[in-house]
Each structure stands twice: as structure tokens, then as C-alpha cells.
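Numbering (the working numbering), first residue to last: 381 to 566.
No residue lacks a Cβ here, since even glycine has one placed at the ideal position from N, Cα and C.
Predicted model, so just to flag it, every value in this text is computed and none were measured.
Encoded as C-alpha cells, the structure appears first; notes follow it.
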């Protein structure tokens, strides 16, 4: 971890977990079993981010009902490709870090291809609502939502490269206000 001991606004540092309001952060132990550390890291994701992640998963799950169409098939394939990648990141980092943004690399390829399908003729005839309004608007929602997600992921990876390497749910993350279960007291 970087920035050991750096104090955030108003108090606790990553070396003072006793000043955290979260019992999970206060009892942080770097020797925790991986499954416990990963679960704590997952639970510490802030509520708006958690809602966004569930939204994206539900959005991609819609593709399961349209697997006979190439766009939905590749949406589902790129969605399923994320699972093994997140597992690797969690194991290597012992939880979620800003490096977790790399897990959406399959979405980057899919998003470029889908954009070409929706807006140009370079990857086949452009799609239109005449081919099914729900499907067409679902593809647009998937495209724009994924584009936003990938933009956030790029920022996260840049921040990780710049030194923000704490694991969510740890005192270091708490000292920076990065996770809801590890907030400082006022």
C-alpha cells in the first residue's frame, strides 16, 4: 500500500483503524483469509457504485433473452468474460482496488464494435428501431452505459498507476474516504 500514515481531512490515518466507524475496518487484519478479505472489500463499495454495478449486470442480463441476435450474443459473451477477470484481480490484490477497472477490457472491444453497428455501416448495416424497438433501445442503453463505465474504469486505472493502491474496506481506503464501511468519525 502507498501513502502509509497519510491523514485525511479531520483525523484518522491508515495506521489508526481504531478511529474508523466501521467495525470491519477497525478489525482489519492483513492475514484474513482471502474469501473474508474479498467479501469485506465488496461490501465496502459505496451505495451509488453498488447500484450502478447491479444496474449494469441487469442491463447485460437482458441480452440472455436475445441470444439469437449477434449484438446480444456478444454483449453476453463480454459480460461473462468479466467474471474470471474479477476473480484474478481480487486474488492478486486481496480485494477490490482501482486496478479492478481492468476487468472491463472485454467491454471496450464490445463497445467499439457495438458503436460501429449502431452508428455506421462499417460493421454491417446500422441497426434501427424497425428491427425491434425494445432491442434497439436496449442496445443504445447498453452502449452508452458501458461507455460511461469504461470511462470511469480508465480513470480508476490511472489513479491506481498514480499510487492509489489501497484495497476497499481497509483502513487505508477509509483514510481516503473511498469506501462506505470504512469511513472516519467526524
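contact_flag[the segment 458-471, the segment 507-521] where n(CB pairs < 8 Å) is 3 or more: no
Run of the alpha helix (DSSP H) containing residue 508, from where it starts to where it stops: Unbroken run through residue 508: none, as it is neither H nor E.
Residue 417 beta carbon less than 9 Å from that of residue 549: yes
Cβ-Cβ separation, residue 540 to residue 478 (assumed contact under 8 Å), whole Å: 4 Å
Cβ neighbours of residue 559 in the same chain (closer than 6 Å, five flanking residues each side left out): 424, 548, 549, 553
Whole runs of the alpha helix (DSSP H) within the segment 440-475, excluding any shorter than 4 residues: 450-473
Test item: CB-CB of residue 495 and residue 532 under 9 Å: no
9 Å Cβ cutoff met for residue 487 and residue 530: yes
Whether residue 507 touches residue 498 by CB criterion (9 Å): yes
Beta carbon of residue 571 nearer than 9 Å to that of residue 439: Absent from the structure is residue 571, since the part of the chain shown begins at 381 and ends at 566.
CB of residue 421 within 9 Å of CB of residue 470, strictly: yes
Cα-Cα separation, residue 474 to residue 526: 26 Å
Chain-order list of residues whose beta-carbon lies under 7 Å from that of residue 436 (same chain, five-residue window excluded): 525, 529
With 16 other Cβ atoms within 10 Å as the buried cut-off, status of residue 501: exposed
Exposure label - residue 481; buried when at least 16 CB within 10 Å: buried
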